[in-house]
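As structure tokens, the structure follows; a few thoughts come after it.
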């Protein structure tokens, strides 16, 4: 069934790209195809699994009278993810069973409409300005920016316990990376309707997604090591400003600034496609360098362990 | 098993703990008593590398606790409810901890069966989250989780507080069995002198961060401790 799903998506992918035959852009699309297909195939597997899991988790919560056996066996095929499984299971329960995290998760889907605002105002933003990149980034970046920037503060209540367990910090971070990447990819798939606004707009979204997954996830994991503010999971979701400090705003500068800058420069000197490629390449670079970057990030977390524990301990 | 060497902890200019060396041999049940602010929790936090020592170090089975993570593979602990993950059910929590300690679902199930009486039917199999359990039940879950995976060292901070009398007695038996059957080194802090004298081979008294008494438990120890603590009132 999984293989069928992958093949279908691939078919869809092929259809999607080759179906659009604009003369100048034809060769470009073949290039895009080669860049994207391995990526899509690689992560599609996770996407399908994840979507299935998400659905089952939701159903389970809604049917309260179900027995304990049903509850625990539903997540048993997360175990396909190997040693990331315990963390991923926890993360999914964390998001779904706490008011604030649930709201943040659902809000990420609302961010899909950012593109609508940016892409329908050519007078204000210009046809291909960098500001449209800003909109494109936010369209698929809702989850990363709202949820990812507080990692690992979501675990702040029981962070001390985690530090006394024999946890591979690397696996802990990897599971967060995987979660962010998969949800961003889901948002990307949901943003396909933006093709209506033109292929160029959708290319912006595509490049933005690659950048989000390749760079922003890792960047947010890195800045997460500076998160020292405790978050109480049970506090209500709305107008909850726990965990927010000046760092949150500083973070936006590189994750929005870099793609906007790259695009402006390459678009001005070379052309639109170069701008798009520049952003996407930066993202691909992040994916390729993921291992050494994660090593670096892991060391940082371990180094800052005491400060983080101390910070998370401060109750209001 | 555990060597505490010249350990001290200062917050700014306030020294909350200053203890010269002492050793805890393997298999000893070690009791820590003292009034509030004596430094008991500080010592446990240092043992678990949750805070950085100002001076000194702690070694557990030849692993320097703040230099290596090896000690985590054989140490179980429960300090307070923050050690629980509130949004999980007890079963999910046990499975999570079990997975971290190399136990699969069947292992976890077998392990938990021996504590059915202790849980009194209020913890396993219920669809309640840990955050919705009573304080006493939360504590029970946390203490048992600390025992998972055959640890060689178990650290419990005030385990008897908030437990009802029957549970306290059952917990004492559990701890005694740990010692006898498995030679586990158990460290317990408590405000209850009678519990500690019943369960521990050795009792150490902390006062304002200093070690003031270190006795091997005998039948007279309870009286000795009671007179110590009442005399510090008069002083």
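Protein chains in written order, with our numbering: chain S, 1 to 316; chain F, 1001 to 1235.
A virtual CB, placed ideally from N, CA and C, is assigned to each residue, including glycine.
What three-state label does DSSP hand residue i in the structure shown?
{"i": "residue 151(S)", "result": "coil"}
{"i": "residue 1030(F)", "result": "strand"}
{"i": "residue 1164(F)", "result": "coil"}
{"i": "residue 1003(F)", "result": "strand"}
{"i": "residue 1076(F)", "result": "strand"}
{"i": "residue 1019(F)", "result": "strand"}
{"i": "residue 131(S)", "result": "helix"}
{"i": "residue 307(S)", "result": "helix"}
{"i": "residue 1054(F)", "result": "coil"}
{"i": "residue 2(S)", "result": "The predicted position of residue 2(S) is uncertain, since its pLDDT is 45 and thus under 50; no value can be drawn from it."}
{"i": "residue 959(F)", "result": "The requested residue 959(F) is not part of the displayed model; chain F covers only 1001 to 1235."}
{"i": "residue 1101(F)", "result": "coil"}
{"i": "residue 1217(F)", "result": "coil"}
{"i": "residue 1231(F)", "result": "helix"}
{"i": "residue 1188(F)", "result": "strand"}
{"i": "residue 93(S)", "result": "helix"}
{"i": "residue 973(F)", "result": "Residue 973(F) falls outside the range modelled here, since chain F spans only 1001 to 1235, and no answer is possible."}
{"i": "residue 1261(F)", "result": "The structure shown does not extend to residue 1261(F), since chain F is modelled only from 1001 to 1235, so the question has no answer here."}
{"i": "residue 1132(F)", "result": "helix"}
Taking the C-alpha atoms as reference points, what is the distance between residue i and residue j?
{"i": "residue 1157(F)", "j": "residue 293(S)", "result": "38 Å"}
{"i": "residue 1021(F)", "j": "residue 1040(F)", "result": "16 Å"}
{"i": "residue 34(S)", "j": "residue 1109(F)", "result": "Residue placement at residue 34(S) is poorly supported in this model, since its pLDDT is 49, which falls under 50; the coordinates still yield a value, given next. Distance between the alpha carbons of residue 34(S) and residue 1109(F) is about 49 Å."}
{"i": "residue 1069(F)", "j": "residue 1038(F)", "result": "27 Å"}
{"i": "residue 1142(F)", "j": "residue 1160(F)", "result": "12 Å"}
{"i": "residue 215(S)", "j": "residue 283(S)", "result": "5 Å"}
{"i": "residue 70(S)", "j": "residue 1088(F)", "result": "In this predicted model, residue 70(S) has a pLDDT of only 30, less than 50, meaning its place in the structure is not dependable enough to derive any value."}
{"i": "residue 1125(F)", "j": "residue 104(S)", "result": "30 Å"}
{"i": "residue 1129(F)", "j": "residue 1086(F)", "result": "6 Å"}
{"i": "residue 221(S)", "j": "residue 114(S)", "result": "24 Å"}
{"i": "residue 1044(F)", "j": "residue 249(S)", "result": "38 Å"}
{"i": "residue 117(S)", "j": "residue 229(S)", "result": "33 Å"}
{"i": "residue 1066(F)", "j": "residue 1119(F)", "result": "35 Å"}
{"i": "residue 1214(F)", "j": "residue 1028(F)", "result": "14 Å"}
{"i": "residue 1135(F)", "j": "residue 257(S)", "result": "49 Å"}
{"i": "residue 297(S)", "j": "residue 1099(F)", "result": "24 Å"}
{"i": "residue 94(S)", "j": "residue 84(S)", "result": "15 Å"}
{"i": "residue 1162(F)", "j": "residue 1140(F)", "result": "10 Å"}
{"i": "residue 159(S)", "j": "residue 268(S)", "result": "48 Å"}
{"i": "residue 1102(F)", "j": "residue 1071(F)", "result": "15 Å"}
{"i": "residue 178(S)", "j": "residue 1132(F)", "result": "30 Å"}
{"i": "residue 1018(F)", "j": "residue 1212(F)", "result": "11 Å"}
{"i": "residue 1204(F)", "j": "residue 1171(F)", "result": "21 Å"}
{"i": "residue 1023(F)", "j": "residue 1015(F)", "result": "22 Å"}
{"i": "residue 277(S)", "j": "residue 286(S)", "result": "14 Å"}
{"i": "residue 1106(F)", "j": "residue 251(S)", "result": "45 Å"}
Residue i: which of the options sits nearest, CA to CA?
{"i": "residue 1279(F)", "options": "1034(F), 1090(F), 1001(F), 1188(F)", "result": "For residue 1279(F) there is no data in the structure shown, the boundaries of chain F being 1001 and 1235."}
{"i": "residue 87(S)", "options": "271(S), 221(S), 131(S), 171(S)", "result": "171(S)"}
{"i": "residue 1200(F)", "options": "1042(F), 1165(F), 1033(F)", "result": "1033(F)"}
{"i": "residue 1155(F)", "options": "1006(F), 1048(F), 1170(F), 1019(F)", "result": "1048(F)"}
{"i": "residue 275(S)", "options": "160(S), 213(S), 304(S), 207(S)", "result": "207(S)"}
{"i": "residue 1010(F)", "options": "1170(F), 1030(F), 1042(F), 1004(F)", "result": "1042(F)"}
{"i": "residue 1197(F)", "options": "1062(F), 1115(F), 1220(F)", "result": "1220(F)"}
{"i": "residue 130(S)", "options": "310(S), 226(S), 279(S)", "result": "279(S)"}
{"i": "residue 1095(F)", "options": "1211(F), 1149(F), 1172(F)", "result": "1149(F)"}
{"i": "residue 1063(F)", "options": "1003(F), 1193(F), 1133(F), 1222(F)", "result": "1003(F)"}
{"i": "residue 185(S)", "options": "193(S), 173(S), 209(S), 168(S)", "result": "209(S)"}
{"i": "residue 225(S)", "options": "281(S), 193(S), 148(S)", "result": "148(S)"}
{"i": "residue 193(S)", "options": "175(S), 112(S), 234(S), 232(S)", "result": "112(S)"}
{"i": "residue 1195(F)", "options": "1222(F), 1111(F), 1179(F)", "result": "1222(F)"}
{"i": "residue 1012(F)", "options": "1054(F), 1166(F), 1025(F)", "result": "1054(F)"}
If residue i sits next to residue j, beta carbons under 8 Å apart, how far is it from one beta carbon to the other, in whole angstroms?
{"i": "residue 1097(F)", "j": "residue 1145(F)", "result": "5 Å"}
{"i": "residue 201(S)", "j": "residue 119(S)", "result": "5 Å"}
{"i": "residue 219(S)", "j": "residue 259(S)", "result": "Going by Cβ atoms, the distance from residue 219(S) to residue 259(S) rounds to 12 Å, so no, they are not a contact pair."}
{"i": "residue 166(S)", "j": "residue 108(S)", "result": "Their Cβ separation, rounded to whole angstroms, is 33 Å, which puts residue 166(S) and residue 108(S) out of contact at 8 Å."}
{"i": "residue 307(S)", "j": "residue 227(S)", "result": "Contact doesn't hold; Cβ gap of about 10 Å is too wide."}
{"i": "residue 1075(F)", "j": "residue 1057(F)", "result": "About 16 Å separates the two Cβ atoms, so there is no contact after all."}
{"i": "residue 163(S)", "j": "residue 255(S)", "result": "Not confirmed; about 28 Å, so no contact."}
{"i": "residue 302(S)", "j": "residue 182(S)", "result": "Going by Cβ atoms, the distance from residue 302(S) to residue 182(S) rounds to 26 Å, so no, they are not a contact pair."}
{"i": "residue 187(S)", "j": "residue 101(S)", "result": "Not confirmed; about 17 Å, so no contact."}
- request: Anything in the segment 1053–1083 of chain F with a Cβ closer than 8 Å to a Cβ of chain S? List those residues in chain order, please.
  value: Among the residues of the segment 1053–1083 of chain F, those with a Cβ less than 8 Å away from any Cβ of chain S are 1069, 1072, 1073, 1075, 1077, 1079, 1082, 1083, in the order of the chain.
- prompt: If you measure beta-carbon to beta-carbon, which residues of the segment 130–153 of chain S are closer than 8 Å to chain F?
  reply: So nothing in the stretch comes that close.
- prompt: In chain order, what residues of the segment 173–195 of chain S put their CB closer than 8 Å to some CB of chain F?
  reply: Against chain F - using a Cβ distance shorter than 8 Å - the segment 173–195 of chain S contributes no residues.
query: Using Cβ-Cβ distances below 8 Å, what residues of the segment 1087–1104 of chain F are close to chain S?
result: Hits within the stretch, in order: 1087, 1088, 1089, 1091, 1092, 1095, 1096, 1097, 1099, 1100, 1101.
message: Closer than 7 Å between beta carbons: that is the criterion. Which residues of the segment 1042–1053 of chain F meet it against chain S?
response: So the list reads 1048, 1050, 1051, 1052, given in the order they occur along the chain.
message: Residues of the segment 88–106 of chain S in Cβ contact with chain F at a cutoff of 8 Å, in chain order, please.
response: The residues in question are 89, 90, 93, 94, 97, 98.
message: Closer than 7 Å between beta carbons: that is the criterion. Which residues of the segment 153–168 of chain S meet it against chain F?
response: Correct list: 157, 158, 160, 161, 163, 164, 165, 166, 167.
message: Closer than 7 Å between beta carbons: that is the criterion. Which residues of the segment 282–306 of chain S meet it against chain F?
response: Within the segment 282–306 of chain S, those residues whose Cβ lies closer than 7 Å to any Cβ of chain F are, in chain order, 306.
- request: May I ask you to list, following chain order, the residues of the segment 1164–1191 of chain F that have a beta carbon less than 7 Å from some beta carbon of chain S?
  value: Taking 7 Å as the Cβ-Cβ cut-off against chain S, none of the residues of the segment 1164–1191 of chain F qualify.
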